[in-house]
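A.B. asks: Provided herewith is a single structure, encoded as structure tokens, for subsequent inquiry.
Protein chains in written order, with our numbering: chain F, 92 to 573; chain Y, 8 to 101.
Right under this line is the structure:
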């Protein structure tokens with residue numbers, strides 16, 4: 092019997108997203124990733140006495156942009172607050188965050204589920220500063236003896252996006268996260284490099300008996316930075332909580348950490364007492380008044396969002412699945428759109444972009460934005476197939492060559508003499524040779540075996556090294572065989 | 008009493024302060040009288056007063072997103088009680 096026969100899972104997610112600014116939220120230090128430890132720091136982000144923070148305008152712009160893309164209300168009046176806690180990743184002993192007047196609230200996004208579309212509520216999204224990075228001596232946070240602190244990341248602007256507890260299965264959670272990351276990537280609010288920790292998830296999970304409407308006691312597992320960790324962590328946490336409840340015990344409301352190596356969550360109970368953040372308004376920063384013109388200016392910069400894009404591609408004749416794959420990353424979707432401008436056959440283009448093009452990107456380990464061939468070049472190649480200049484089979488070797496050399500398809504076709512033979516007199520010569528060499532098949536065809544024609548067409552294609560126009564060969568063969 | 012001994016112990020723990028018995032009693036008394044004094048404000052009718060978020064009548068003080076140079080690491084680490092290989096070193100956390 093599955094856990095889900097007895098219990099319903101309820102999940103809400105807090106997502107921390109690094110905003111794509113050049114500088115930190117309150118000082119001019121760079122946000123560049125990968126600098127040597129403690130080289131992107133200054134008196135402001137180190138929290139030295141006597142310094143004053145000044146808010147980065149771009150942080151507010153990006154927060155508004157994300158809020159609009161997530162269907163949020165943008166506050167007319169918003170302010171920062173201090174969230175007080177003692178932990179060495181925060182040199183000031185408080186995190187500058189937003190408490191009761193966040194910049195965005197009451198939004199939603201739509202996910203696809205097996206039962207159709209489902210709306211997931213966004214409670215709020217607020218601006219805050221990131222903390223520093225602790226490097227632990229031991230294997231995990233709970234076994235280290237001492238910690239080393241790098242404050243490069245301290246003060247990097249974050250948007251914390253809090254969902255409603257609207258998700259009821261792991262697949263809904265993953266669909267929500269994928270949608271969210273896609274929207275943030277499309278709007279260029281964040282570069283969304285999960286492997287660099289620029290998006291991190293805190294997963295709140297609780298179970299309740301099926302049919303119950305009251306919420307169960309939840310745990311929060313912090314700082315997951317990949318979809319696969321989220322999935323594994325949830326599988327573990329659901330099984331663990333079910334075991335506790337099955338034994339008639341109570342789940343302890345607590346913060347937990349995910350141990351990737353062991354595939355388990357661990358309690359961080361000792362931090363619990365400190366969960367009294369004593370928020371108060373940040374006296375060093377004045378409030379923000381966001382007039383509607385500002386919001387409308389930013390609304391104008393919103394690109395077409397993934398859902399609208401999928402819809403547009405489906406109207407052009409793509410299947411739901413194809414539209415999903417093409418829009419899965421902004422890079423691929425942009426590539427496709429550019430190619431489409433020069434190409435008449437959307438369906439054929441889709442097949443080539445999703446098929447050989449994507450395969451070659453993977454085989455060469457390059458991302459679509461660094462593709463050695465341009466969208467226009469792919470469009471030209473597809474057009475050559477549609478015009479009958481080359482066959483689909485020849486095109487496969489042409490695109491390989493394009494990838495290797497960066498040359499246009501038409502140039503390769505010309506250089507290598509790959510153009511389809513559509514000249515009837517040239518084809519008839521080959522066809523007559525094939526007819527002479529295969530009397531048995533000719534006999535079969537004449538005796539009414541339609542299938543024999545396929546063999547003969549194949550022989551002609553072979554003799555022409557794949558360059559004969561198959562449609563024309565078929566027609567001419569039938570004529571010759573009378 | 009506005010504040011209890013338990014409140015003082017809790018706040019001290021949050022602030023990582025170790026207090027003696029005598030200090031706990033002394034601070035409980037002092038903090039209580041401070042809160043008592045601040046409670047004077049409760050007598051005012053604030054029914055139609057907007058909550059104040061900030062004492063200074065300014066808003067939208069913003070800077071452009073332009074990179075300024077950071078300080079040298081040696082300087083950054085100069086005041087730290089303990090450092091190693093360019094990191095601040097702190098005792099085990101959890």
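For each residue, glycine too, the CB sits at the ideal point set by N, CA and C.
Per DSSP, what kind of secondary structure is residue 98 of chain Y in: helix, strand or coil?
C.D. replies: Strand.
A.B. asks: Alpha carbon to alpha carbon, what distance is there between residue 200 of chain F and residue 156 of chain F?
C.D. replies: Computed Cα separation, rounded: 14 Å.
A.B. asks: Counting only beta-carbon separations shorter than 8 Å, does residue 295 of chain F have a partner in chain Y?
C.D. replies: By this cut-off, residue 295 of chain F is not an interface position.
A.B. asks: With H, G and I counted as helix, E and B as strand and the rest as coil, what does DSSP make of residue 38 of chain Y?
C.D. replies: Correct three-state label for residue 38 of chain Y: helix.
A.B. asks: Check each candidate in F/479, F/445 and F/557 and name the one with the smallest Cα separation from residue 466 of chain F.
C.D. replies: The candidate whose alpha carbon is nearest that of residue 466 of chain F is F/445.
A.B. asks: Output the distance between the C-alpha atoms of residue 203 of chain F and residue 266 of chain F, rounded to the nearest integer angstrom.
C.D. replies: So the two alpha carbons sit approximately 7 Å from each other.
A.B. asks: Tell me the rounded alpha-carbon separation between residue 208 of chain F and residue 294 of chain F.
C.D. replies: Approximately 22 Å between the Cα atoms of the pair.
A.B. asks: Are the C-beta of residue 181 of chain F and some C-beta of chain Y separated by less than 8 Å?
C.D. replies: With 8 Å as the cut-off, residue 181 of chain F does not count as an interface residue toward chain Y.
A.B. asks: How far does the alpha helix (DSSP H) with residue 498 of chain F in it extend, from its first residue to its last?
C.D. replies: Neither: residue 498 of chain F is in no alpha helix (DSSP H) and is coded neither H nor E.
A.B. asks: Hey, which unbroken runs of the alpha helix (DSSP H) at 4 residues or more fall wholly within the stretch 66 to 96 of chain Y?
C.D. replies: Taking only runs of at least 4 residues, the alpha helix (DSSP H) segments lying wholly in the stretch 66 to 96 of chain Y are 80 to 84.
A.B. asks: Looking at the C-beta of residue 69 of chain Y, does it have a partner C-beta in chain F at a distance below 8 Å?
C.D. replies: Judged by the 8 Å Cβ criterion, residue 69 of chain Y is in contact with chain F.
A.B. asks: To the nearest angstrom, how far is the alpha carbon of residue 38 of chain Y from that of residue 377 of chain F?
C.D. replies: In a straight line, the C-alpha of residue 38 of chain Y is about 29 Å away from that of residue 377 of chain F.
A.B. asks: Using 8 Å as the limit for Cβ to Cβ distance, is residue 158 of chain F near chain Y?
C.D. replies: So, not an interface residue.
A.B. asks: Determine the chain F residues that contact residue 13 of chain Y at a beta-carbon separation under 7 Å, and present them in chain order.
C.D. replies: Those do not exist, as residue 13 of chain Y stays about 13 Å from chain F at its closest Cβ, beyond 7 Å.
A.B. asks: Could you give the C-beta distance for residue 115 of chain F and residue 247 of chain F, rounded to a whole number, given that I count them as a contact under 8 Å?
C.D. replies: 6 Å between Cβ atoms; contact.
A.B. asks: Against residue 114 of chain F, what residues of chain Y qualify as contacts under a CB-to-CB distance less than 8 Å, listed in chain order?
C.D. replies: By Cβ distance, chain Y contributes 72, 73, 74 and 75.
A.B. asks: What residue range is occupied by the uninterrupted beta strand (DSSP E) comprising residue 289 of chain F?
C.D. replies: Segment: none, residue 289 of chain F is in no beta strand (DSSP E) and carries neither H nor E.
A.B. asks: Go ahead and pull the three-state DSSP assignment for residue 371 of chain F.
C.D. replies: Note: residue 371 of chain F maps to strand in three-state DSSP.
A.B. asks: Rounded to whole angstroms, what's the CA-CA distance from residue 153 of chain F to residue 68 of chain Y? Just pull it up for me.
C.D. replies: So the alpha carbons of these two residues sit roughly 17 Å apart.
A.B. asks: Within 10 Å of its beta-carbon, does residue 17 of chain Y have 16 or more other beta-carbons around it, so buried, or fewer, so exposed?
C.D. replies: Counting Cβ neighbours within 10 Å, residue 17 of chain Y comes out exposed, since fewer than 16 surround it.
A.B. asks: Count the CB pairs spanning the stretch 190 to 200 of chain F and the stretch 209 to 225 of chain F that are closer than 8 Å, and state whether there are at least three.
C.D. replies: In short, these stretches touch, since the Cβ pair count reaches three.
A.B. asks: Apart from the five residues just before and just after residue 560 of chain F, which ones in its own chain have a Cβ nearer than 7 Å to its Cβ?
C.D. replies: Here the set comprises 479, 511, 512 and 513.
A.B. asks: Starting from the beta carbon of residue 120 of chain F, find every residue of chain Y whose beta carbon is closer than 8 Å, and list them in chain order.
C.D. replies: Those within 8 Å of residue 120 of chain F in chain Y are 74, 75 and 77.
A.B. asks: For the alpha helix (DSSP H) containing residue 468 of chain F, name the first residue and the last one.
C.D. replies: Where residue 468 of chain F is concerned, the enclosing alpha helix (DSSP H) stretches over 466 to 477.
A.B. asks: Run the CB neighbour count on residue 389 of chain F, radius 10 Å, all protein chains shown included, and call it buried at 16 or more, exposed below.
C.D. replies: So residue 389 of chain F counts as buried.
A.B. asks: Are residue 341 of chain F and residue 381 of chain F close, meaning C-beta to C-beta below 8 Å?
C.D. replies: No, they are not a contact pair.
A.B. asks: Rounded to whole angstroms, what's the CA-CA distance from residue 392 of chain F to residue 193 of chain F? Just pull it up for me.
C.D. replies: Those two C-alpha atoms are separated by around 22 Å.
A.B. asks: Shorter than 8 Å from the beta carbon of residue 84 of chain Y to some beta carbon of chain F?
C.D. replies: Chain F contact via Cβ: present.
A.B. asks: When the cut-off is 8 Å and only beta carbons count, does residue 60 of chain Y lie next to chain F?
C.D. replies: Yes, because at least one Cβ of chain F sits closer than 8 Å to the Cβ of residue 60 of chain Y.
A.B. asks: Can you tell me which of the three DSSP states residue 241 of chain F falls into?
C.D. replies: In the structure shown, residue 241 of chain F sits in a strand (DSSP, three-state: E or B).
A.B. asks: For residue 324 of chain F, which of helix, strand or coil comes out of DSSP?
C.D. replies: Note: residue 324 of chain F maps to helix in three-state DSSP.
A.B. asks: Kindly give me the distance between the Cβ atoms of residue 249 of chain F and residue 109 of chain F, rounded to whole angstroms, as I take these residues to be in contact under 8 Å.
C.D. replies: At roughly 6 Å, the Cβ-Cβ gap stays under 8 Å, so residue 249 of chain F and residue 109 of chain F are in contact.
A.B. asks: Check the Cβ-Cβ distances between residue 281 of chain F and every residue of chain Y, and say whether any is below 8 Å.
C.D. replies: No, its Cβ sits nowhere closer than 8 Å to a Cβ of chain Y.
A.B. asks: Count the CB pairs spanning the stretch 271 to 278 of chain F and the stretch 297 to 312 of chain F that are closer than 8 Å, and state whether there are at least three.
C.D. replies: These segments do not touch.
A.B. asks: Alpha carbon to alpha carbon, what distance is there between residue 264 of chain F and residue 643 of chain F?
C.D. replies: The structure shown has nothing for residue 643 of chain F, since chain F only spans 92 to 573.
A.B. asks: Express the C-alpha separation of residue 243 of chain F and residue 220 of chain F in angstroms, rounding to a whole number.
C.D. replies: Distance between the alpha carbons of residue 220 of chain F and residue 243 of chain F: 12 Å.
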